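Numbering (the working numbering), first residue to last: 90 to 193.
Reviewing the structure listed below.
Shown next as structure tokens:
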């Protein structure tokens, strides 16, 4: 799979996740706090998957170095973004406000 194809799929999935998060509150009647807490929990689970992918890179390096480099690159990218999303979500949960919700 080409990097651009993989990167485009990741971007599309991220945008869909953001759309779902913004849409859930009015559709379900759930409070924004409940939605954000659920999102933070999901992002923390995803961080575990990224950690697993990173742990597999050394073994993958011996099998397919090019793929290992690609997995490492995307895992690093995902890890940084998930950390930022979790930080923004926790900031909102600590003191809910419209601005902090927009930051997510």
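Cβ atoms here follow ideal geometry from the backbone N, Cα and C, with glycine treated the same way.
Just so we're clear, the structure is a prediction, and the values are computed from it rather than from any experiment.
Residue 177 is not a Cβ neighbour of residue 139, given a cutoff of 7 Å. Relative to the Cα of residue 135, the nearest Cα in the group 184, 179, 169 belongs to 169. Burial state of residue 125 is buried, judged by a 10 Å Cβ sphere holding 16 or more other Cβ atoms. Contact between residue 179 and residue 129 holds: their C-beta atoms lie close to 6 Å from each other, under 8 Å. A residue is called buried once 16 or more other Cβ atoms fall within 10 Å of its Cβ, and residue 152, having fewer, is exposed.
Exclusion of the five residues before and after residue 161 leaves 143, 146 as the residues of its chain whose Cβ lies within less than 8 Å of its Cβ.
Judged by their CB atoms, residue 182 and residue 132 are not nearer to each other than the 7 Å cut-off.
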